Each structure stands twice: as C-alpha cells, then as structure tokens.
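Okay, so here's the structure we're looking at.
Residue numbers (the numbering used here), protein chains in the order written: chain A, 4 to 188; chain B, 245 to 412.
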C-alpha cells in the first residue's frame, strides 16, 4: 500500500503540493513570512522563529522515530563535511540576515505580497543556486571533501538506540522553550 | 472556523503542525521536507531555456535534474498556502520595504530590492553549498538527529546573528 503511494509519480506531485499548501499556510499564520520577525530573531529580540522550529523538531523527531520503530519510515540523514556544511552554513547565515528570509519562507513571503522578495530575493536565490551548480565540479574535488563525516547521526555516533537520544533531546528542547517563556522572550 | 481568519497562531501550534507534516511526508512520500533544491532545479530550467539541453550535462544537474518533482511542488504549495492564509486574515498587501528596514535605511524600494537580491545570491549559494536550508537541515535534519543538520543550523544562526548585528 505505502509502496504503491510512494511510487505513483503523479500522486507524489499532488502530495507535494498539498504538503506545501499546509506548510505555507502554517508559516504565514506563524508570522515567519515577515522580514521583521526573522531579523527580530537574528537580533535576539523576538524568538518566534526558534519557537516554531524547535516545536516542529520536537514533534517531528518523536513521530518520525516512532514510525521508524514501527518499520513505516526510513530516515534519510544528509551527508556532510566541515567544508560543505559549516562553510556553506555560514554563507547561508550571512545571506539569511541580508535577505531576511530562507528558501522555504521566501515562497511564503511572495505569497503574502512582498515585492522586494519577488523582484530581488527570488531572482537572487536562483542566481546563487546557479552559481553553485557552476562552481560544483571544482568545489567537489577540494573544499567540499574536507572533514567529511558522511551521513552520521547522533545516535550512531554515540552507538546507542535512537530513543536514548530522542527522549533527552526532546526534554532539553522543551525546557529551553519553557525557559524562553519564563524570561518573557 | 474563526481561527482560520486569525492573523497569528501560537508559534507552538504552528511548530506542532509542521512536525505533523514532516511525519506525513516520511510516511506517504518517503521524503524529508526541504526547499532549496527546488531553486536549483528552477535555475537549471531557466538556464536550459537559454542555453539548450547541454545544461543537463552539468555534473550538478545530473545530481539534481532540472525537472518538476515533489519538492518543487512543495515550494509552489508554500506560495499558495501563504497567499490563502494572508487573504483570510486580510494581511495580503503588495509592499516593497519592511518596517524595520525603512526605519533604519529609508523607504526607497530600490535599495531594499538590491539588498534582497544580494542576500538572495548568498542564500542560494550557501544553501546548496551546505546541502540544505532551514527546512532540509534546520527542521528535517535536526529531527532525524543528523549530525549535518545540527551543525548546519548552528552555522546558519552564527552567520545570521553576527550579520544582523552588523547591519543594525
């Protein structure tokens, strides 16, 4: 049954669209499709972005690991290296603050009517992705390989059952969110 | 149904909803939610339009062929979903300059749009360099307890926080 759904290409495109519509609806309702909210997070005055992200991580982590334990889902951790993940992450971070959006949220910001994003940001992201595609062969031979750690996960690194990490991480993140509320942030 | 028309929902309700969506994506599509490859694919489609099918031969487009896939439809869906939400709450407005920007740098659209373009280049370049964005690494990577996800999200925020303090 699941295999049939997953291999039906037309159905998958439709599911992608429906998932996206729900995702965009939620992002807009959360307020994170606004430049002021993103910059407020990066200036550490408004913690909506972290609250959304961390509650998504807590919920998703528990449910996805439960599906995995029941044999209904397979994890797909992305491979990485210091040269790719850390350097790319820092470049992304600078852009995140300058643009004020990230690739998912930018689509929502356009849907909400932000013209600076439609005319400037959207074209910029595609240009940046195109530049990377052009640089890729050279980078792949050098920098992207530096400090390769593959598709390592924290449970595999610690050589423990995933639930021995899921539960403590969930508790820590909940306590952190609780602390944010106590601090009035 | 009044909640559908509300301007804002609790960030925790929104986060829990996104967690549920992730779970459905793993179950029904065998995919973590991510967004940035859609921009790579679109960029490839545009380049192919101008330069022809030799673009398909670029090594990076062999990894991420310029075609419409699940994730591309997801990003299109985000645009539609945010539009519906903003229309329902009366927040849909065509605007050029965010408040915070106009207080610091004035309200001319040109400066803001050029800055957004420059920031966009870095976001597009950085997300593909890192192999994911705030969705693919930040949410999906973290929830799978992937080492790459936690490292990427730390770097996103370190780079972002330093830059934001330099700007404002």
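Ideal Cβ positions, reconstructed from N, Cα and C, are used throughout, including at glycine. Remember, it's a predicted structure, so these values are computed and weren't measured experimentally.
**Study point:** residue 309 of chain B: contacting residues in chain A (beta-carbon distance under 9 Å)
**Key:** By one-based count along the second chain, residue 309 of chain B stands at place 65. By Cβ distance, chain A contributes nothing, its closest Cβ being about 11 Å from residue 309 of chain B, past 9 Å.
Check your understanding: How is residue 407 of chain B classed by DSSP in three states: helix, strand or coil?
Key -> Here the question's residue 407 of chain B lines up with position 163 in the second chain. Looking at residue 407 of chain B - three-state DSSP - the assignment turns out to be helix.
Practice item. Can you say whether residue 343 of chain B is buried or exposed, counting buried as having 16 or more other CB atoms within 10 angstroms of its CB? Key: Here the question's residue 343 of chain B lines up with position 99 in the second chain. Result: exposed.
Review point. What residues in the region 337-359 of chain B have a beta carbon less than 7 Å from any beta carbon of chain A?
Key: 337, 338, 339, 340, 341, 342, 343, 344, 345, 353, 356, 357, 358 and 359
Practice item. Pull up the distance between the alpha-carbon of residue 152 of chain A and that of residue 374 of chain B, whole angstroms please. Key: By one-based count along the first chain, residue 152 of chain A stands at place 149. By one-based count along the second chain, residue 374 of chain B stands at place 130. For residue 152 of chain A and residue 374 of chain B, the distance between alpha carbons rounds to 13 Å.
Review point. Who pairs with residue 151 of chain A in a beta bridge, going by DSSP?
Key: Position 148 of the first chain, counted from the start, is the residue given in the question as residue 151 of chain A. Paired residues: A/84.
Review point. Does DSSP classify residue 47 of chain A as helix, strand or coil?
Key: For this step, residue 47 of chain A is matched to residue 44 along the first chain. Looking at residue 47 of chain A - three-state DSSP - the assignment turns out to be coil, as it is neither helix nor strand.
Point to revise | Spatial distance of residue 268 of chain B from residue 351 of chain B (CA atoms) | key: Walking along the second chain from the start, residue 268 of chain B turns up at place 24. Walking along the second chain from the start, residue 351 of chain B turns up at place 107. C-alpha separation (whole angstroms): 42 Å.
**Study point:** Cα-Cα separation, residue 77 of chain A to residue 11 of chain A
**Key:** If you number the first chain from 1, residue 77 of chain A lands on position 74. If you number the first chain from 1, residue 11 of chain A lands on position 8. Residue 77 of chain A and residue 11 of chain A: Cα-Cα distance of roughly 18 Å.
Check your understanding: For a contact meaning CB atoms closer than 7 Å, what does residue 246 of chain B contact in chain A?
Key -> Position 2 of the second chain, counted from the start, is the residue given in the question as residue 246 of chain B. Within 7 Å Cβ-Cβ: nothing; residue 246 of chain B doesn't reach chain A, min ~13 Å.
**Study point:** DSSP bridge partner residues for residue 390 of chain B (one or two, in chain order)
**Key:** Looking up residue 390 of chain B in the second chain gives position 146. DSSP lists A/156 as partners of residue 390 of chain B.
Point to revise | Best match in B/308, B/410 and B/270 for proximity to residue 135 of chain A [C-alpha to C-alpha] | key: Your numbering for residue 135 of chain A matches position 132 in the first chain. Answer by Cα proximity: B/308.
Practice item. Note down the Cα distance separating residue 75 of chain A from residue 310 of chain B, rounded to an integer number of angstroms. Key: Counting from one through the first chain, the residue named residue 75 of chain A turns up at place 72. Counting from one through the second chain, the residue named residue 310 of chain B turns up at place 66. The alpha-carbon atoms of residue 75 of chain A and residue 310 of chain B are separated by roughly 30 Å.
Review point. Taking Cβ-Cβ distances below 9 Å as the criterion, which residues of the region 364-384 of chain B are in contact with chain A?
Key: 364, 365, 366, 367, 368, 369, 370, 371, 372, 373, 374, 375, 376, 377, 378, 379, 380, 381, 382, 383 and 384
Review point. Among the residues of its own chain, which have a CB less than 6 Å from the CB of residue 281 of chain B, if the five just before and after it don't count?
Key: If you number the second chain from 1, residue 281 of chain B lands on position 37. Within the same chain, residue 281 of chain B has close Cβ partners 308 and 315.
Check your understanding: Nearest to residue 371 of chain B by alpha carbon, out of A/88, A/179 and A/33?
Key -> By one-based count along the second chain, residue 371 of chain B stands at place 127. The residue with the shortest Cα to Cα distance from residue 371 of chain B is A/88.
Exercise for review: Please name the residues in the region 37-62 of chain A whose beta-carbon is closer than 9 Å to at least one beta-carbon of chain B, in chain order.
Suggested key: 37, 38, 39, 41, 42, 43, 44, 45, 46, 47, 50, 51, 52, 53, 54, 55, 56, 57, 58, 59, 60, 61 and 62
Practice item. On a CA-only basis, which of A/178, A/37 and A/95 is nearest residue 113 of chain A? Give me that one, please. Key: Numbered from its first residue, the first chain carries residue 113 of chain A at position 110. Among A/178, A/37 and A/95, the Cα nearest to that of residue 113 of chain A belongs to A/37.
Point to revise | Cβ-Cβ separation, residue 322 of chain B to residue 30 of chain A (assumed contact under 8 Å), whole Å | key: Stepping through the first chain from its first residue, residue 30 of chain A is reached at position 27. Stepping through the second chain from its first residue, residue 322 of chain B is reached at position 78. With 8 Å as the limit, residue 30 of chain A and residue 322 of chain B qualify as a contact, their Cβ atoms being about 7 Å apart.
Review point. Mind pulling the chain B residues with CB within less than 9 Å of residue 98 of chain A?
Key: The residue given as residue 98 of chain A occupies position 95 in the first chain. Neighbours of residue 98 of chain A on chain B, chain order: 362, 363, 364, 365, 366, 367, 368, 369, 370, 371, 403, 404 and 407.
Practice item. Check the C-beta distance from residue 90 of chain A over to residue 146 of chain A and give it rounded, since I have them as a contact under 8 Å. Key: Taking the first chain and counting its residues from 1, the one referred to as residue 90 of chain A is at position 87. Taking the first chain and counting its residues from 1, the one referred to as residue 146 of chain A is at position 143. That pair is a contact at about 7 Å.
Practice item. Please confirm if residue 136 of chain A has its CB atom under 8 Å from at least one CB of chain B. Key: What you label residue 136 of chain A is simply residue 133 of the first chain in a count that begins at 1. Yes, because at least one Cβ of chain B sits closer than 8 Å to the Cβ of residue 136 of chain A.
Practice item. Go ahead and label residue 394 of chain B buried or exposed: buried means 16 or more other beta carbons lie within 10 angstroms of its beta carbon, across all protein chains shown. Key: The residue given as residue 394 of chain B occupies position 150 in the second chain. Buried: at least 16 other Cβ atoms inside 10 Å.
Review point. Is residue 139 of chain A close to chain B, meaning its C-beta is less than 8 Å from at least one C-beta of that chain?
Key: As a working note, residue 139 of chain A is residue 136 in the first chain. For residue 139 of chain A, the answer is yes, since a Cβ of chain B falls inside 8 Å of its Cβ.
Check your understanding: What residues from chain A crowd round residue 294 of chain B, counting only those whose CB sits closer than 8 Å?
Key -> Looking up residue 294 of chain B in the second chain gives position 50. Those within 8 Å of residue 294 of chain B in chain A number zero; the least Cβ separation is about 11 Å.
Practice item. Please find out if some non-hydrogen atom of the ligand FMN comes closer than 7 Å to the beta-carbon of residue 36 of chain A. Key: Ligands displayed in this structure: none; no statement on the ligand FMN is therefore possible.
Review point. Three or more beta-carbon pairs under 8 Å between the region 274-288 of chain B and the region 380-388 of chain B, yes or no?
Key: yes
Check your understanding: Nearest chain A C-beta to residue 266 of chain B closer than 8 Å, yes or no?
Key -> To locate residue 266 of chain B, count along the second chain from 1; it is residue 22. Residue 266 of chain B counts as touching chain A.
Exercise for review: Could you pull out every residue in the same chain whose Cβ sits closer than 7 Å to the Cβ of residue 355 of chain B, ignoring the five residues on either side in sequence?
Suggested key: Looking up residue 355 of chain B in the second chain gives position 111. Once the five neighbours on either side are set aside, the close Cβ partners of residue 355 of chain B are 349.
Exercise for review: Output the boundary residues of the alpha helix (DSSP H) element that contains residue 327 of chain B.
Suggested key: Mapped onto the second chain, residue 327 of chain B falls at position 83. Taken as a continuous stretch (DSSP letters only), the alpha helix (DSSP H) holding residue 327 of chain B covers 314-332.
Check your understanding: Would DSSP call residue 253 of chain B helix, strand or coil?
Key -> Working through the second chain from its first residue, we reach residue 253 of chain B at position 9. Looking at residue 253 of chain B - three-state DSSP - the assignment turns out to be coil, as it is neither helix nor strand.
Check your understanding: Quick check: the region 398-407 of chain B against the region 34-48 of chain A, are there 3 or more CB pairs under 8 Å?
Key -> yes
Point to revise | Near-chain A residues of the region 321-337 of chain B - C-beta to any C-beta below 7 Å | key: 321, 322, 323, 324, 325, 326, 327, 328, 329, 330, 335, 336 and 337
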